[in-house]
Amino acid sequence: MKVSLIMPVRNEEKTVQLTLGSIHRQTRRPDELIIADGRSTDGTVQLIRSLSDADFPLQIVDNSALLAGAGRNVAIEKARFDLVAATDFGTILDPHWLEEIVKPLEDDPAVDMVGGRACPLVTNWIENCVAAVLHSSNMLRLDRFTAEEIQRLLARNPPLPGGNSVAFRKKIWQKAGGYPSWIKTSEDKLFARKVNRIGGKIAISLHAVAYYEPRDTLSKVFRQFYSYSRGNAQSRQVSNNFWKLLAKAGLGVGLFSAGLIKPLYWYALAACLGLHLYRAGFRPYLNLNENPWDLKIFLLIPAVVLTHNAASLLGHLAGYYDWWTEPCYRLKYRQYMQ
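Just so you know, we're using the working numbering here: the sequence shown kicks off at 2 and counts up by one.
Below, the structure written as structure tokens:
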């Protein structure tokens, strides 16, 4: 079966060569590559054209709405084949990615969507620290688990495919109403939720691996998770982790305020903060690193955890504000999910 590979892009000049290079190295080449450009203002489009490969046709289409969800929809509309694979610029694909991501669709006609793995690709100690603390589930080494253990993990926490490592049938995309095009982030997860809601069968391919580079500064970490959290709240995709974090923040404020009257409460605050930093930061880092004893890393871990916490809280609150003050979010969400 033939497969169309689609990608949205906007101002990704710095990542074009890495991403396209990984596509050219695929053991199975796409039968066409369709890129939806969100009117890039740098040299993205020119660089893409200069790196095009004669082994498969390349089509660049205009994404006038600029957002990734709209770009995916425009590209899929132009796709000539029923099997559609999708990834993002900034992603480096394992050479077997396309072969593995479409295999469940080819082997089982009942499968509508396949999610692959997205794993951090670290290049320095800062990225390693950020990845271990904030992306620990994506860093699990599968060779440490039996097939039965992996199946139990997937059954307990079934993942929804993300936008940078997914494949599906065009007919399920049509049935779901396409990707939501009114939110800036989290549109990929909402699309997967819609596919699941309408009864689409979703499979997971653990051997289809797409690599991404974690953020390497605290400001970038904050912007990333603020944006994700705001998009989640704008589209009613709020996990229990947010409510737990909000409760912890409330407890912290309460203990700090009580400490102004009775300083003994500040000791309780310090103990609670230490426990939180251990569970959210130090423990996942220690689980993934065999030689963790480095002072600079142990100073960075609390900063990473607290930066992520602040971004998540503020982003979700901003998203909820958008949800309640801008009726378009509620209207479009209800129309999309009905």
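In this text, a Cβ means the ideal position worked out from N, Cα and C, and glycines have one as well.
Problem set entry | Residue nearest to Tyr-334 in terms of C-alpha spacing, selected from Gln-60, Ser-187, Leu-274 | For this step, residue 334 is matched to residue 333 along the sequence shown. Taking only the C-alpha atoms, the option nearest Tyr-334 is Ser-187.
Problem set entry | For Gly-282, the three-state DSSP class (helix, strand or coil) | Stepping through the sequence shown from its first residue, residue 282 is reached at position 281. Of the three classes helix, strand and coil, the one that applies to Gly-282 here is helix, per DSSP.
Exercise. Helix, strand or coil for Leu-65 per DSSP?
Worked result: Position 64 of the sequence shown, counted from the first residue, corresponds to residue 65. The sequence shown places Ser at residue 65, rather than the Leu named in the question. Coil at Ser-65, not helix or strand.
Problem set entry | C-beta atoms of Ser-230 and Gly-164 nearer than 8 Å | Mapped onto the sequence shown, residue 230 falls at position 229. Mapped onto the sequence shown, residue 164 falls at position 163. In this structure, Ser-230 keeps its C-beta atom at 8 Å or more from the C-beta atom of Gly-164.
Exercise. According to DSSP, which residues form a beta bridge with Tyr-213?
Worked result: Walking along the sequence shown from the start, residue 213 turns up at place 212. In DSSP, Tyr-213 forms a bridge with Thr-92, Pro-121.
Exercise. Just checking my contact of Tyr-227 with Pro-121 at CB under 8 Å: how many whole Å lie between their CB atoms?
Worked result: To locate residue 227, count along the sequence shown from 1; it is residue 226. To locate residue 121, count along the sequence shown from 1; it is residue 120. Beta-carbon to beta-carbon, Tyr-227 and Pro-121 are separated by about 19 Å, too far to satisfy the 8 Å threshold.
Exercise. When the Cα atoms are used, what is the spatial distance from Asp-95 to Ser-5?
Worked result: What you label residue 95 is simply residue 94 of the sequence shown in a count that begins at 1. What you label residue 5 is simply residue 4 of the sequence shown in a count that begins at 1. Straight-line Cα distance between these residues: approximately 17 Å.
Exercise. Relative to the alpha-carbon of Val-134, which residue among Leu-161, Ile-7, Asn-310 has its alpha-carbon at the smallest distance?
Worked result: Stepping through the sequence shown from its first residue, residue 134 is reached at position 133. Checked all of Leu-161, Ile-7, Asn-310; the closest Cα to Val-134 is Asn-310.
Problem set entry | Leu-289 - partner residues in DSSP beta bridges | Mapped onto the sequence shown, residue 289 falls at position 288. Assignment of beta-bridge partners to Leu-289 by DSSP yields no partner.
Problem set entry | Under the three-state DSSP convention, the category Gly-72 falls into | Numbered from 1 along the sequence shown, position 71 holds the residue referred to as residue 72. Per DSSP, reduced to three states, the secondary structure at Gly-72 is helical.
Problem set entry | Rounded C-alpha distance that separates Phe-57 from Ser-182 | Walking along the sequence shown from the start, residue 57 turns up at place 56. Walking along the sequence shown from the start, residue 182 turns up at place 181. Whole-angstrom Cα-Cα distance: 28 Å.
Exercise. What are the start and end residues of the alpha helix (DSSP H) that includes Ile-173?
Worked result: Counted from its first residue, the sequence shown places residue 173 at position 172. Going by DSSP, Ile-173 is part of the alpha helix (DSSP H) stretching over 171-177.
Exercise. What do you get for Phe-257, buried or exposed, if any count of 16 or more other CB atoms within 10 angstroms of its CB means buried?
Worked result: Sequence index remark: in the sequence shown, residue 257 carries index 256 (1-based). Result: exposed.
Exercise. Using 8 Å as the Cβ pair cut-off and three pairs as the minimum, do the stretch 194-208 and the stretch 287-306 touch?
Worked result: Taking a cut-off of 8 Å on C-beta distances, the stretch 194-208 does not touch the stretch 287-306, as fewer than three cross pairs fall below it.
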